[in-house]
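Report on one structure; see the data block that follows.
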Amino acid sequence: MKNNLGSRSHYIRYVRTKEFEKDFPLVYLVDGKVSFSLLSFTKEQMDIGRGKDAALRRIFKVVADIYQFYLANEDKHQAYLDSGHELIIDYFSAKLHGTIKNGVCDLGLFWKKTKYADVRKSITQFQKYQSYCKTYLNVTELVSDDMIHQMTVRYSAFEKKTNFKLLEHIASVKDAMADDRNQTGLDYDNEFFDQGNSKIIKYFPPKKLKEFIDSEENINYQAAFLLSGFTGLRESENLHIFVSDIVYQGSLAEVIISDPNKGKTFSPEKNKLVPRIGVLKSCLRQHKAISDLDDINIDYLSRLPVRTNLHTRHRYHAGWKGVQLRDPNEKYGHLLEWTCGYAQELFTRLVPKLLMQSRRSHPYLLCNTDNDMPMTVDAYESRFRRHSAKITGKELYSHVMRHFTGFYCANVLKVSQKDAQKILRHKRETSTDIYYNLSPEEVKRQIAMKETSIWDELDFSDWGKK
Numbered sequence: 006m007k008n009n010l011g012s013r014s015h016y017i018r019y020v021r022t023k024e025f026e027k028d029f030p031l032v033y034l035v036d037g038k039v040s041f042s043l044l045s046f047t048k049e050q051m052d053i054g055r056g057k058d059a060a061l062r063r064i065f066k067v068v069a070d071i072y073q074f075y076l077a078n079e080d081k082h083q084a085y086l087d088s089g090h091e092l093i094i095d096y097f098s099a100k101l102h103g104t105i106k107n108g109v110c111d112l113g114l115f116w117k118k119t120k121y122a123d124v125r126k127s128i129t130q131f132q133k134y135q136s137y138c139k140t141y142l143n144v145t146e147l148v149s150d151d152m153i154h155q156m157t158v159r160y161s162a163f164e165k166k167t168n169f170k171l172l173e174h175i176a177s178v179k180d181a182m183a184d185d186r187n188q189t190g191l192d193y194d195n196e197f198f199d200q201g202n203s204k205i206i207k208y209f210p211p212k213k214l215k216e217f218i219d220s221e222e223n224i225n226y227q228a229a230f231l232l233s234g235f236t237g238l239r240e241s242e243n244l245h246i247f248v249s250d251i252v253y254q255g256s257l258a259e260v261i262i263s264d265p266n267k268g269k270t271f272s273p274e275k276n277k278l279v280p281r282i283g284v285l286k287s288c289l290r291q292h293k294a295i296s297d298l299d300d301i302n303i304d305y306l307s308r309l310p311v312r313t314n315l316h317t318r319h320r321y322h323a324g325w326k327g328v329q330l331r332d333p334n335e336k337y338g339h340l341l342e343w344t345c346g347y348a349q350e351l352f353t354r355l356v357p358k359l360l361m362q363s364r365r366s367h368p369y370l371l372c373n374t375d376n377d378m379p380m381t382v383d384a385y386e387s388r389f390r391r392h393s394a395k396i397t398g399k400e401l402y403s404h405v406m407r408h409f410t411g412f413y414c415a416n417v418l419k420v421s422q423k424d425a426q427k428i429l430r431h432k433r434e435t436s437t438d439i440y441y442n443l444s445p446e447e448v449k450r451q452i453a454m455k456e457t458s459i460w461d462e463l464d465f466s467d468w469g470k471k
């Protein structure tokens, strides 16, 4: 059985069901068993609309790790069965301390020490599962042989009876560790330390950006680079753009931005906004040859689910983080705001070529030209990293383009942080703090009260030439 990357305690298999639009995750524990309580918890979360894949996976990991820890402690099985709360306490203590002593792990787990803040997060995840077990499964006979459920219910009873607080216990353990001056250096080999809250400027190198975009030969990636760099689109947000999201105001192409599940796109036939989900359903009625595609592609085209509803490891999954949209256009709804008119002109010239691409019964603007399927996050990220290494000499992650948008607002456009917040579609100004950074050169210019800036030399005017 193949385990998840980054986890040796469980394996997740996603299955299709009639009950849910999203694929349902089945969790196999380290010994191949399926926990009924975890299965029941997952169903309940999806029933009430809280079953986001990333959130569930965090809970799966904690619960599965507890089970793995139980199996590894063979000599304590009876003690844990008699006093179930001890398993939960011992597990979180082991996560904090690690299980490696002088380079050896008697349990075979080889867990490194974990930051206290991360243990706190794990406890919060466990408490969601614990709350469900207390509320719904406390007297359920069907889970009587579910060891994780048994221990969790017993821990809850102990917690209530003694007014025990796991977070307070772990905090006291942490403090004791900090005060112990007899620890050897080897004991701390795997310790992780917080780096503080200092800002790290991580925007794309401004003087290399034009070469980076101009030298990209694939129009799909070139368009995505323009959108990310000059409208602040996140990498996954690029992949939700429909063909019908491209509209014109005068001679310039604009892009509608809207929630993939609840939002709307523009219908030229109806001359009004229509639900995005309806566009996906209409594509299902189109028929194109798919016999040359693999099973994953065929299955995807036969359903065309909203990409956020696919599990995170699915080839065509694309995330969507909450955005704050302001000042909607009367006809088209919310449109992306460009920070550079020349960049928008170049994008406008790419649009006809993008629209003329062959597509396999899907509505997405950006395509994989090898098989006419939608562009994927993995393909985009890999392309970005390879191309950035070629141009800058350093392999960069694609999110630096959104950071460039913030840099451009602060150092070139010199707009206020409030305006940058609107362009980046942040709900809170504090979120914009991460992106809105003055470069050292701009700080020096302001101190010296010079009128011109080194960044005034950034020239994208070639993009405006026909």
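Read in order, the letters of the sequence shown are residues 6 to 471 in our numbering.
All residues carry an ideal CB built from backbone N, CA and C; glycine is no exception.
Measuring alpha carbon to alpha carbon, tell me which of the options ends up nearest residue i.
i, options, result
"Pro445", "Arg433, Ile459 and Ile439", "Ile459"
"Gly234", "Asp58, Tyr402, Ile17 and Lys38", "Tyr402"
"His322", "Ile301, Lys139, Ile153 and Leu341", "Ile301"
"Cys372", "Pro280, Gln329, His319 and His245", "His245"
"His319", "Thr22, Asp304 and Asp150", "Asp304"
"Asp28", "Lys399, Ala415 and Asp58", "Asp58"
"Lys38", "Ile218, Pro210 and His15", "His15"
"Gly398", "Gly113, Pro210, Leu114 and Thr157", "Pro210"
"Ala176", "Asp424, Val124 and Thr270", "Val124"
"Ala229", "Thr353, Gln329, Gln130 and Ser272", "Thr353"
"Pro280", "Gln451, Tyr226 and Val311", "Val311"
"Ser366", "Val356, Arg290 and His392", "Arg290"
"Glu26", "Tyr208, Asn314 and Lys118", "Asn314"
"Ser436", "Lys66, Lys423 and Leu443", "Lys423"
"Leu112", "Arg63, Glu79, Lys118 and Arg450", "Glu79"
"Glu400", "Arg390, Asp377 and Glu447", "Arg390"
"Gly469", "Phe131, Phe247, Leu355 and Gly54", "Leu355"
"Ser387", "His404, Lys213 and Pro333", "His404"
"Leu429", "Pro368, Lys117, Phe65 and Leu330", "Leu330"
"Trp116", "Ser98, Phe131 and Ala122", "Ser98"
"Phe247", "Pro368, Phe65 and Met152", "Pro368"
"Ser421", "Met152, Asp438 and Met406", "Asp438"
"Asn225", "Phe465, Asp52 and Arg364", "Arg364"
"Asp52", "Met361, Lys23, Asp150 and Leu231", "Lys23"
"Leu370", "Pro273, Val448, Lys326 and Asp250", "Asp250"
"Tyr253", "His154, Pro273, Thr236 and Arg450", "Pro273"
"Asp375", "Gln451, Asp297, Leu443 and Lys215", "Asp297"
"Ser45", "Tyr96, Thr140 and His82", "Thr140"
"Met406", "Leu61, Lys427 and Gln227", "Gln227"
"Glu335", "Phe271, Lys120 and Ala453", "Phe271"
"Lys358", "Leu86, Leu309, Ser307 and Glu222", "Glu222"
"Asp332", "Lys427, Lys449, Ile153 and Lys120", "Lys427"
Rounded to the nearest angstrom, how far is the Cβ of residue i from that of residue j, given a contact under 8 angstroms?
i, j, result
"Val35", "Ile17", "That pair is no contact at about 13 angstroms."
"Ser263", "Gly324", "Not confirmed; about 15 angstroms, so no contact."
"Ser42", "Leu114", "Not quite, the Cβ-Cβ distance comes to about 23 angstroms (not below 8 angstroms), so this is no contact."
"Gly411", "Ala394", "At roughly 23 angstroms, the Cβ-Cβ gap does not stay under 8 angstroms, so Gly411 and Ala394 are not in contact."
"Ser127", "Val67", "5 angstroms"
"His392", "Phe217", "7 angstroms"
"Tyr134", "His316", "Not quite, the Cβ-Cβ distance comes to about 19 angstroms (not below 8 angstroms), so this is no contact."
"Gln130", "Ile64", "5 angstroms"
"Lys267", "Leu278", "With 8 angstroms as the limit, Lys267 and Leu278 do not qualify as a contact, their Cβ atoms being about 12 angstroms apart."
"Ile452", "Lys213", "About 26 angstroms separates the two Cβ atoms, so there is no contact after all."
What residues match up with residue i in a beta bridge as DSSP calls it?
i, result
"Lys269", "Pro280"
"Ile17", "Val32"
"Glu259", "Val252"
"Val109", "Lys106"
"Val39", "Tyr33"
"Phe247", "Tyr369"
Is there a Cβ from chain D that is less than 9 angstroms from the Cβ of residue i?
i, result
"Asn266", "Looking at the structure shown, chain D is missing, and only one protein chain is on hand."
Inter-stretch contact at 8 angstroms, needing at least 3 Cβ pairs: the region 225–245 / the region 376–392:
yes
Contained alpha helix (DSSP H) runs [length at least 4] in the region 291–342, N- to C-terminal order:
300–308
Is it the case that the region 161–172 contacts the region 102–111, given that we only count it when at least three CB pairs across the two stretches are under 8 angstroms?
no
I'd like the ranges of any alpha helix (DSSP H) spanning at least 4 consecutive residues and lying wholly in the region 112–158.
121–141
Touch test, the region 93–104 against the region 64–82, Cβ-Cβ under 8 angstroms, three pairs minimum:
yes
Are the region 339–351 and the region 247–265 touching, with three or more C-beta to C-beta distances below 8 angstroms?
yes
Scan the region 340–405 and note each continuous alpha helix (DSSP H) run of 4 residues or more that stays entirely inside, going in chain order.
346–360 and 382–397
contact_flag[the region 80–98, the region 159–167] where n(CB pairs < 8 angstroms) is 3 or more
yes
Decide if the region 283–291 is in contact with the region 346–354; the criterion is three or more beta carbon pairs, one per stretch, under 8 angstroms apart.
no
Are the region 410–421 and the region 450–468 in contact at 8 angstroms, needing three or more beta carbon pairs?
yes
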